[in-house]
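*Asks:* Dropping a structure here in structure tokens format, bear with me for questions.
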Amino acid sequence: MEPKEPQRAARFRGGDSELSFKYIGAGRSSVIGLLHGTKNITNSSSLRLSRQNSDGGQKNKPREHIIDCGDIVWSLAFGSSVPEKQSRCVNIEWHRFRFGQDQLLLATGLNNGRIKIWDVYTGKLLLNLVDHTEVVRDLTFAPDGSLILVSASRDKTLRVWDLKDDGNMMKVLRGHQNWVYSCVFSPDSSMLCSVGASKTVFLWNMDKYTMIRKLEGHHHDVVACDFSPDGALLATASYDTRVYIWDPHTGDILIEFGHLFPPPTPIFAGGANDRWVRSVSFSHDGLHIASLADDKMVRFWRIDEDYPVQVAPLSNGLCCAFSTDGSVLAAGTHDGSVYFWATPRQVPSLQHLCRMSIRRVMPTQEVQGLPVPSKVLEFLSYRI
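In case it helps, UniProt numbering puts the sequence shown at residues 1 to 384.
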């Protein structure tokens with residue numbers, strides 16, 4: 001029997017501290033967006049979008065757009081366009097929409113399999129994408145500003161959409177034999193990770209739309225994933241009580257963060273172990289991750305330490321996400337509450353900053369070919 005999954009999503013909008021989150025509680029589903037500094041959060045059956053007013057007298061008062069999504073919202077993602085970035089489809093001479101650089105889009109994945117694209121600042125429905133046959137479980141925009149959108153669904157597929165081509169569905173990625181829970185682009189948009197039921201973690205080449213490899217190691221459904229800011233690491237969270245940190249270029253497991261001690265056997269980890277890890281998120285510094293599990297705890301980890309740096313209590317947690325500057329961690333719960341924590345601030349070492357700069361442009365295979373001492377290679381490969 002498939003585990004019954006509550007709906008949840010959390011996203012910080014790139015570029016500022018605007019947070020969007022979605023919850024379900026007492027049979028209701030809501031998506032609420034509000035800018036940093038907005039405190040009041042109310043329950044609603046609609047989509048609520050907020051923006052700061054520009055006039056001085058109303059400077060701190062948010063302006064809201066309430067949108068009826070028409071169905072339960074399961075997933076959401078923010079996207080914005082870069083003018084010089086052209087559509088990946090060629091020979092396109094006419095478009096219904098021209099997306100400006102300052103235009104912020106919100107994609108919402110619905111219970112009926114539809115995806116709706118909204119203009120955040122006006123609340124206008126721009127596109128209605130129809131092709132999935134079941135719940136749209138997750139959405140992710142390519143970080144390169146191309147407005148390529150990938151959706152993950154319970155219909156066991158991922159679909160690639162080009163919003164600059166009026167929402168044309170470009171490709172169907174097949175390989176999952178069960179529900180697809182989550183997906184995320186690498187920072188350079190060249191790779192996509194998708195995770196799902198039956199222990200599956202897949203990596204896809206997003207230039208050729210082909211599978212690169214399947215990552216094996218989890219013992220239960222894998223429900224969340226996130227790349228490090230330099231693209232050198234991939235974090236996956238599973239119901240098997242573990243978060244794995246992978247090298248996506250080699251498929252090796254580099255780090256394991258356990259949420260149950262002693263570590264459970266594969267049989268126990270693959271069952272109802274009451275330590276299901278629900279969410280994982282990388283911080284912008286590439287040194288820290290946050291994880292949220294069913295043991296009523298949120299954990300803040302350093303990738304080079306075996307135990308959490310800090311732990312915070314949280315009942316009925318569903319999802320977590322860092323702000324774009326890494327200073328705030330937000331987590332959402334079953335009952336619709338959202339909690340915020342100020343994260344421990346630490347200045348990264350010069351060595352780590354250099355490592356991130358190198359890894360942004362060099363995969364592991366190229367790093368291993370550098371004429372440098374073995375200890376330096378290990379450091380650049382995140383193996384020490």
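Just so it is clear, CB atoms sit at the ideal spot from N, CA and C, and this is done for glycine as well.
If we count the other Cβ atoms within 10 Å of its Cβ and call it buried at 16 or more, is Leu370 buried or exposed?
*Replies:* Translated into the one-based positions of the sequence shown, residue 370 becomes position 370. Under this definition Leu370 is an exposed residue.
*Asks:* Give the DSSP-derived three-state secondary structure of Asp165 in the structure shown.
*Replies:* Residue mapping note: residue 165 aligns to position 165 of the sequence shown, counting from 1. Helix at Asp165.
*Asks:* When you compare the CB positions of residue 386 and Arg278, do they come within less than 8 Å of one another, or not?
*Replies:* Because the chain in this structure spans residues 1 to 384, residue 386 falls outside the shown range and cannot be described.
*Asks:* For the beta strand (DSSP E) that contains Gln310, what are its first and last residues?
*Replies:* The sequence position of residue 310 within the sequence shown is 310, counting from 1. Its beta strand (DSSP E) spans residues Gln310 to Pro313.
*Asks:* Could you tell me which residues DSSP pairs with Gly123 in its beta bridges?
*Replies:* On the sequence shown, position 123 is the one that residue 123 refers to. Answer is none; Gly123 lacks a bridge partner.
*Asks:* Quick one: what's got a C-beta closer than 7 Å to Arg275's C-beta in the same chain, skipping five residues either side?
*Replies:* Along the sequence shown, read from residue 1 onward, the residue named residue 275 stands at position 275. Hits under 7 Å: Thr241, His259, Leu260, Ala293, Asp294 and Asp295.
*Asks:* Going by the DSSP bridge assignment, what does Cys69 pair with across the sheet?
*Replies:* Along the sequence shown, one-based indexing puts residue 69 at 69. None, per the DSSP bridge assignment.
*Asks:* What are the complete beta strand (DSSP E) segments, minimum 3 residues, inside the UniProt repeat "WD" (215 to 256)?
*Replies:* Qualifying beta strand (DSSP E) stretches, in chain order: 222 to 227, 234 to 238 and 242 to 247.
*Asks:* Would DSSP call Leu49 helix, strand or coil?
*Replies:* Counted from its first residue, the sequence shown places residue 49 at position 49. With a pLDDT of 49 at Leu49, under the threshold of 50, the predicted position of this residue should be treated as unreliable, and no value is reported.
*Asks:* Does DSSP classify Met356 as helix, strand or coil?
*Replies:* Here residue 356 corresponds to residue number 356 of the sequence shown, with the count starting at 1. Looking at Met356 - three-state DSSP - the assignment turns out to be helix.
*Asks:* Per DSSP, Lys171 forms a beta bridge with which residues?
*Replies:* One-based indexing of the sequence shown puts residue 171 at position 171. Val160, per the DSSP bridge assignment.
*Asks:* For Phe261, does the three-state DSSP call read helix, strand or coil?
*Replies:* Residue 261 sits at position 261 when you count from the first residue of the sequence shown. Phe261: coil per DSSP, three-state reduction.
*Asks:* For residue 394, collect the residues of the same chain with a Cβ closer than 8 Å to its Cβ; drop the 5 residues on either side in sequence, then sort them by chain order.
*Replies:* Residue 394 is absent from the structure shown; the chain starts at 1 and stops at 384.
*Asks:* For the beta strand (DSSP E) that contains Val277, what are its first and last residues?
*Replies:* Along the sequence shown, one-based indexing puts residue 277 at 277. Looking at the DSSP string, the run of the beta strand (DSSP E) that includes Val277 is Val277 to Phe282.
*Asks:* Pair every Cβ in the segment 328 to 341 with every Cβ in the segment 311 to 318, then say whether three or more of these pairs are closer than 8 Å.
*Replies:* Enough Cβ pairs lie closer than 8 Å, so yes.
*Asks:* Touching or not, the segment 208 to 218 and the segment 340 to 355, by the rule of three or more beta carbon pairs under 8 Å?
*Replies:* With the cut-off at 8 Å, the segment 208 to 218 and the segment 340 to 355 do not touch.
*Asks:* Taking the beta carbon of Val184 as the centre, do at least 16 other beta carbons fall within 10 Å, making it buried, or is it exposed?
*Replies:* The count along the sequence shown starts at 1 and reaches residue 184 at position 184. When all chains shown are included, Val184 counts as buried.
*Asks:* For Ile289, write down the residues that DSSP places opposite it in a beta bridge.
*Replies:* Here residue 289 corresponds to residue number 289 of the sequence shown, with the count starting at 1. Paired residues: Phe282 and Trp301.
*Asks:* Just verifying my parser: in three-state terms, what is the DSSP assignment at Lys208?
*Replies:* If you number the sequence shown from 1, residue 208 lands on position 208. DSSP places Lys208 in coil when its eight states are reduced to three.
*Asks:* State the DSSP-derived secondary structure class of Ala197, mapped to helix, strand or coil.
*Replies:* The residue you call residue 197 lines up with position 197 of the sequence shown. Coil.
*Asks:* Measure the C-alpha to C-alpha separation of Ile72 and Val280 and round it to an integer number of angstroms.
*Replies:* On the sequence shown, position 72 is the one that residue 72 refers to. On the sequence shown, position 280 is the one that residue 280 refers to. Looking at the two C-alpha atoms, the distance is approximately 24 Å.
*Asks:* Between Val135, Leu126 and Pro187, which lies nearest to Lys164 when the distance is taken from Cα to Cα?
*Replies:* On the sequence shown, position 164 is the one that residue 164 refers to. Closest option to Lys164, Cα to Cα, is Leu126.
*Asks:* Do the CB positions of Gly317 and Val298 come within less than 8 Å of each other?
*Replies:* Against the sequence shown, residue 317 aligns to sequence position 317. Against the sequence shown, residue 298 aligns to sequence position 298. Their beta carbons are under 8 Å apart, which means Gly317 touches Val298 by this criterion.
*Asks:* Enumerate in chain order the residues of its own chain whose CB-to-CB distance from Arg360 is below 6 Å, with the five nearest sequence positions on each side excluded.
*Replies:* Stepping through the sequence shown from its first residue, residue 360 is reached at position 360. So the qualifying residues of the chain are Asp230.
*Asks:* Count the other C-beta atoms from every protein chain shown that fall within 10 angstroms of the C-beta of Arg245, then say buried if there are 16 or more, exposed otherwise.
*Replies:* Within the sequence shown, the letter at position 245 stands for residue 245. According to the sequence displayed, residue 245 carries Ile and not Arg. Counting Cβ neighbours within 10 Å, Ile245 comes out buried, since at least 16 surround it.
*Asks:* Buried or exposed: which applies to Ser349, given that a residue is buried once 16 or more other Cβ atoms fall within 10 Å of its Cβ?
*Replies:* Here residue 349 corresponds to residue number 349 of the sequence shown, with the count starting at 1. With fewer than 16 other Cβ atoms within 10 Å, it is exposed.
*Asks:* Could you round the C-beta distance between Met174 and His132 to whole angstroms and report it? I think they count as a contact, below 8 Å.
*Replies:* As a working note, residue 174 is residue 174 in the sequence shown. As a working note, residue 132 is residue 132 in the sequence shown. The sequence as given places Arg at residue 174; Met does not occur at that position. No, Arg174 and His132 are not in contact; Cβ-Cβ is about 13 Å, not under 8 Å.
*Asks:* How about Val243 and Ser291: are their beta carbons less than 8 Å apart?
*Replies:* Here the question's residue 243 lines up with position 243 in the sequence shown. Here the question's residue 291 lines up with position 291 in the sequence shown. Yes, the Cβ-Cβ distance between Val243 and Ser291 is below 8 Å.
*Asks:* By DSSP's criteria, Phe78 is part of a beta bridge. Which residues make up the other side?
*Replies:* Along the sequence shown, one-based indexing puts residue 78 at 78. Leu106.
*Asks:* Can you say whether Val150 is buried or exposed, counting buried as having 16 or more other CB atoms within 10 angstroms of its CB?
*Replies:* Taking the first residue of the sequence shown as 1, we reach residue 150 at position 150. Burial call: buried.
*Asks:* With DSSP as the reference, label Val328 as helix, strand or coil.
*Replies:* Taking the sequence shown and counting its residues from 1, one reaches residue 328 at position 328. Residue state, collapsed to three classes: strand.
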